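*Asks:*
Protein chains: 2
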Amino acid sequence: MSELTPELDEAVSFDDKGLVCAVAQQHDSGEVLMVAWMNREALAETLASGQVCYWSRSRGKLWRKGETSGQTQKLVELRVDCDGDTLLLRVDQKGVACHTGRRSCFYRAVAADGSLTEVLPVTADPDELYGA
Amino acid sequence: MSELTPELDEAVSFDDKGLVCAVAQQHDSGEVLMVAWMNREALAETLASGQVCYWSRSRGKLWRKGETSGQTQKLVELRVDCDGDTLLLRVDQKGVACHTGRRSCFYRAVAADGSLTEVLPVTADPDELYGA
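Which chain is which? The protein sequence lines are A and L, in order. Going by this note's numbering, the residue at position 24 of the first sequence is 24; the numbering climbs one at a time, nothing skipped. Whatever position you read off the second sequence (first residue = 1), add 1000 for this note's numbering.
#1: Just the C-alpha distance for SER1049 (chain L) and LEU1043 (chain L), rounded to the nearest angstrom, thanks.
#2: What does DSSP give as the partner residues of THR1117 (chain L) in its beta bridges?
#3: Under 8 Å by Cβ, that's how I've got GLN51 (chain A) and GLN73 (chain A) pegged, so tell me the actual separation to the nearest angstrom.
#4: Using only the alpha-carbon positions, how far apart do ALA65 (chain A) and CYS1105 (chain L) sit?
#5: What are the boundary residues of the alpha helix (DSSP H) that includes ARG1040 (chain L)?
#6: Just the chain A side, please: which residues come within less than 9 Å of MET1034 (chain L) by C-beta, in chain order?
#7: Quick one, which of L:PRO1006, L:GLY1084, L:VAL1076 and L:PRO1126 has its alpha-carbon nearest ARG108 (chain A)'s?
#8: To the nearest angstrom, report how far apart TRP1055 (chain L) and LEU47 (chain A) are at their CA atoms.
#9: Is the beta carbon of VAL23 (chain A) closer than 8 Å to that of LEU89 (chain A)?
#10: Taking DSSP as the reference, what is the three-state secondary structure of ALA1011 (chain L)?
#11: If you compare alpha carbons, which of A:GLY60, A:GLU67 and A:GLN26 is closest to ASN39 (chain A)?
#12: Give a yes or no on whether the C-beta atoms belonging to VAL35 (chain A) and LEU87 (chain A) are separated by under 8 Å.
#13: Hey, how far is the Cα of VAL1032 (chain L) from the Cα of ALA97 (chain A)?
#14: Which bits of chain L does SER115 (chain A) rub up against, with CB to CB less than 9 Å?
#15: Does the Cβ-Cβ distance between LEU1129 (chain L) and SER1058 (chain L) come in under 8 Å?
#16: For SER1018 (chain L), which of L:TRP1037, L:GLU1045, L:ARG1102 and L:LYS1094 has the nearest alpha-carbon?
#17: Going along chain L, which residues have a C-beta under 7 Å from GLU77 (chain A)?
#18: Rounded to the nearest angstrom, what separates PHE1014 (chain L) and VAL1080 (chain L) at their Cα positions?
#19: Use the C-beta contact count for VAL119 (chain A): other C-beta atoms within 10 angstroms, 16 or more gives buried, fewer gives exposed.
#20: Is the CB of ALA1112 (chain L) under 8 Å away from at least one CB in chain A?
#21: Helix, strand or coil: how does DSSP classify ASP85 (chain A) here?
#22: According to the Cβ coordinates, are GLU1007 (chain L) and LEU116 (chain A) closer than 8 Å?
#23: Select from the stretch 91-102 of chain A all residues with a C-beta closer than 9 Å to any C-beta belonging to chain L, and list them in chain order.
#24: Under a CB-based cut-off of 8 Å, is GLY1030 (chain L) close to chain A?
#25: For a test of the three-state rule: what should DSSP assign to LEU75 (chain A), helix, strand or coil?
#26: Could you compute how far the alpha carbon of HIS1099 (chain L) sits from the alpha carbon of THR1005 (chain L)?
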């Protein structure tokens, strides 16, 4: 669909900037890959194409995930939370989700003393994904 | 700790309201349970107590998850994403995460035609959790 259906538009609570938070999860392993934002257009395009499209807040435009890097997210299932202000995207992630070349953006673990440790390896070269 | 360490405070990008987005995931099954928000105080309390504490935007106060309902979240691992604006809380959820009595807040699936279907059962009576 090119626009959201009335049922879906009513179920999703876009914020005062017209955005909704979206969590991407690998559908079979359960890995939480990343969190980003969608506007109505990004959500409609994602449902129409079956490929995840976000709204880039920093660039102020649609962000077709993987368009440059090839690290696309195929939508497997879309869920809406109880109050409609967050989406869960169950996806099939090709390669890596993180621009650092790691599978997930959540690669730093925080110990009880507040120190951080990297717990996921770099498995793709960012220079190759995005050009040096 | 009662305050964040400088290392952690630098790693986490709190927004202009002093908040950071937090995704709660059941540590063993991988279920994404809910998404909520934390301020510095909530994050520090979570790390100090080992029990997840959010910041309630609607009530404007600390939200010790499960304080009323008994449906607590024990912190197993805390992760920070690449740009520091989202936390991943790997938790052990007691009972249900959702105020509707469902295990996860993400209980509505969206079909390709935009229609919504409930895909998770109610397993706890909200009236019993919160008082009728």
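We treat Cβ as the ideally placed atom computed from N, Cα and C, and that holds for glycine. Source: prediction; values computed, not measured.
*Replies:* Once the coordinates are examined:
#1: In this structure, the CA atom of SER1049 (chain L) is about 10 Å from the CA atom of LEU1043 (chain L).
#2: Assignment of beta-bridge partners to THR1117 (chain L) by DSSP yields L:ALA1109.
#3: Yes, they are in contact, since the Cβ atoms of GLN51 (chain A) and GLN73 (chain A) sit about 7 Å apart, within 8 Å.
#4: Before going on, a small fix: residue 65 (chain A) reads as Lys here, not Ala. Cα to Cα, LYS65 (chain A) sits roughly 25 Å from CYS1105 (chain L).
#5: Unbroken alpha helix (DSSP H) run through ARG1040 (chain L): 1040-1049.
#6: Neighbours of MET1034 (chain L) on chain A, chain order: ASP81, CYS82 and THR86.
#7: Per the Cα distances, L:GLY1084.
#8: Approximately 32 Å, taken between the alpha carbons.
#9: Contact flag set, yes.
#10: Three-state DSSP puts ALA1011 (chain L) in a helix.
#11: The option with the nearest alpha carbon to ASN39 (chain A) is A:GLY60.
#12: Cβ distance not < 8 Å, so VAL35 (chain A) and LEU87 (chain A) don't count as in contact.
#13: Cα to Cα, the separation comes out at about 17 Å.
#14: Per Cβ cutoff of 9 Å: THR1005, GLU1007 and LEU1008.
#15: The answer is no: Cβ separation not under 8 Å.
#16: Going by the sequence as given, residue 1018 (chain L) is Gly instead of Ser. Of L:TRP1037, L:GLU1045, L:ARG1102 and L:LYS1094, the residue nearest in Cα terms is L:TRP1037.
#17: Around GLU77 (chain A), the beta-carbon contacts reaching into chain L at under 7 Å are ALA1109.
#18: Rounded to the nearest angstrom, the two C-alpha atoms are 12 Å apart.
#19: With fewer than 16 other Cβ atoms within 10 Å, it is exposed.
#20: Under the Cβ distance rule, ALA1112 (chain L) counts among the residues neighbouring chain A, one pair being separated by less than 8 Å.
#21: Shown here, ASP85 (chain A) sits in coil according to DSSP, grouped into three states, outside any helix or strand.
#22: In this structure, GLU1007 (chain L) lies near LEU116 (chain A), with their beta-carbon atoms less than 8 Å apart.
#23: Closer than 9 Å at the C-beta level to chain L, one finds these residues of the stretch 91-102 of chain A: CYS98, HIS99, THR100 and ARG102.
#24: Using a Cβ-Cβ cut-off of 8 Å, GLY1030 (chain L) counts as an interface residue toward chain A, since at least one Cβ of chain A sits closer than that to its own.
#25: The answer is strand: DSSP assigns LEU75 (chain A) an E or B state.
#26: As the crow flies, the alpha-carbon of HIS1099 (chain L) is around 33 Å from that of THR1005 (chain L).
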